[in-house]
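Chains as they are written, first to last, in UniProt numbering: chain A, 1 to 209; chain B, 1 to 209. As structure tokens, the structure follows; a few thoughts come after it.
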């Protein structure tokens, strides 16, 4: 499996809790192109960051930043999509193929749930992961092998409730559909890799500890 | 609709981010019976709180608290349920009928997702809501009317993908099944109440702002 973390180029800073964990912070530091979803720009700029673009319905950007950064603000008032999706679409339109999202969780939980589940909608267009203060979300829609370590906490969330089979996980799934969000959570890797067999939109979470 | 917040008796402090918002904090203050899920006890005690019971697999309680509070610790090592479910079951066994969960989100997102979705599994036994730093989750499985205000942000998450119909929401649903987590999110109340018609497990989120 391609390791997105080793080749970060594009980072989207979503409008959740600003990262505090070293991993998402290092993603921002090593990025060559940084998109802020709407109000996320305020905190990033306050911390000394320089976004390449600010995308969203732009109702959360401070007046000061709206003036200072007017040349990189790309307003999008579409009511059918949220700011994160607008930011991803913006990146796709500019040919960005490997995207890491940070700051996607930790504030309003409806935004958290939306941002996580929307990952599964982007995979036909880009390689994308979400790196939070607690772990990494990777959306898949076909059989995928993950680098891991023995004891790593792994959770599986099924968007399309297709049958799943796992290899190298402590609580194996065998042609099983997950009918509840919690049903595939709190599993554990048995080795330096594990595999998920799926044919539908599925989101894998690997916690840092 | 019964207003759980006006008659709080039992509060479970889950092992997510400890509450900082005045509403969940006031739930703790007015509770007459407080259960801490495992490690949540450490922070609560440190802040001067006195739990009535500590429930879970008890691998996160400090050694000091384990000794000091040994008479109210109820270990439950069942691998099939998480600490929050163990805490809810503990309350049910003691006849508690109205339960407010706080601290259920804001740390590891797999725990957040599990804790939110598990609400829907408790409703056959108890009246239960989850009060976070950002909003209130209420699980339902039949037509329910909610107190609200014009402009309140409302999200609907469907565990059983049954057809839903709404009244008094800005983006109405009419006999529609939600196939993605985000699909019913970011709606808005049009008045001082709204209604959700459902026949399956559904979770309603009302954000504070």
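Think of the CB as a built atom: it goes at the ideal place given N, C-alpha and C, for glycine as much as any other residue. Just so you know, these numbers come straight off a predicted model, no measurement behind them.
Member of the options whose CA lies at the smallest distance from the CA of residue i
i, options, result
"residue 286/B", "42/B, 28/B and 50/B", "Given a span of 1 to 209 for chain B in the structure shown, any question on residue 286/B remains unanswerable."
"residue 149/B", "182/B, 85/B, 187/B and 180/B", "187/B"
"residue 118/A", "107/A, 19/A and 130/A", "130/A"
"residue 75/A", "125/A, 169/A, 36/A and 26/A", "36/A"
"residue 190/B", "147/B, 160/B, 161/B and 204/B", "147/B"
"residue 83/A", "94/A, 107/A, 115/A and 46/A", "115/A"
"residue 160/B", "108/B, 120/B and 145/B", "120/B"
"residue 94/A", "31/A, 53/A, 26/A and 171/A", "53/A"
"residue 57/A", "193/A, 45/A and 40/A", "40/A"
"residue 49/A", "106/A, 25/A, 63/A and 166/A", "25/A"
"residue 154/A", "86/A, 204/A and 28/A", "204/A"
"residue 209/B", "151/B, 171/B, 167/B and 10/B", "151/B"
"residue 32/A", "200/A, 96/A and 110/A", "96/A"
"residue 87/A", "28/A, 10/A and 65/A", "10/A"
"residue 55/A", "47/A, 66/A and 113/A", "66/A"
"residue 170/A", "109/A, 192/A and 27/A", "192/A"
"residue 110/B", "62/A, 181/A and 79/A", "181/A"
Contacts around residue i, its chain only, beta-carbon distance under 8 Å, and the 5 residues preceding and following it disregarded
i, result
"residue 164/B", "156, 158, 173, 175, 176, 177, 178, 184, 196, 197, 198 and 202"
"residue 81/B", "89"
"residue 47/B", "18"
"residue 200/A", "141, 158, 159, 160, 161 and 162"
"residue 38/B", "15, 54, 55, 56, 57, 58, 59, 60, 61 and 83"
"residue 123/A", "139, 140, 141 and 201"
Assumed close pair residue i, residue j - CB separation to whole angstroms, cut-off 8 Å
i, j, result
"residue 71/B", "residue 92/B", "So it is not a contact: roughly 21 Å between Cβ atoms."
"residue 34/B", "residue 51/B", "5 Å"
"residue 128/B", "residue 206/B", "Going by Cβ atoms, the distance from residue 128/B to residue 206/B rounds to 15 Å, so no, they are not a contact pair."
"residue 13/A", "residue 44/A", "6 Å"
Close-in-space but distant-in-sequence residues of the same chain around residue i (CB under 6 Å, 5 per side omitted)
i, result
"residue 20/A", "133"
"residue 105/A", "16, 112 and 132"
"residue 28/B", "11"
Chain-ordered neighbours of residue i on chain C, where CB pairs are closer than 7 Å
i, result
"residue 108/A", "No chain C appears in the structure shown, which is made up of the protein chains A and B."
Same chain only: Cβ atoms within 7 Å of residue i, ignoring 5 sequence neighbours per side
i, result
"residue 107/B", "16 and 17"
"residue 77/B", "57"
"residue 167/A", "194 and 195"
"residue 4/B", "98, 100, 127 and 129"
"residue 85/A", "118"
Three CB pairs or more closer than 8 Å across the region 99–110 of chain B and the region 140–148 of chain B = no
request  = May I ask you to list, following chain order, the residues of the region 31–52 of chain A that have a beta carbon less than 9 Å from some beta carbon of chain B?
outcome  = none
task = Check distances from the C-beta atoms of the region 69–98 of chain A to those of chain B and list, in chain order, the residues that come in under 8 Å.
result = 82
ask   = Mind listing which residues of the region 153–171 of chain B have their C-beta closer than 9 Å to chain A's C-betas, in chain order?
value = 153, 154, 155, 157, 159, 160, 161 and 171
Chain A contacts from the region 180–194 of chain B (Cβ-Cβ distance under 8 Å) = 180, 181, 182, 185 and 186
task = Using a Cβ-Cβ cut-off of less than 9 Å, list which residues of the region 114–126 of chain A approach chain B; keep chain order.
result = 114, 115, 116, 117, 118, 120 and 121
request  = Check distances from the C-beta atoms of the region 138–153 of chain A to those of chain B and list, in chain order, the residues that come in under 8 Å.
outcome  = 153
query = Between the region 7–22 of chain A and chain B, which residues of the former have a C-beta closer than 7 Å to a C-beta of the latter?
reply = none
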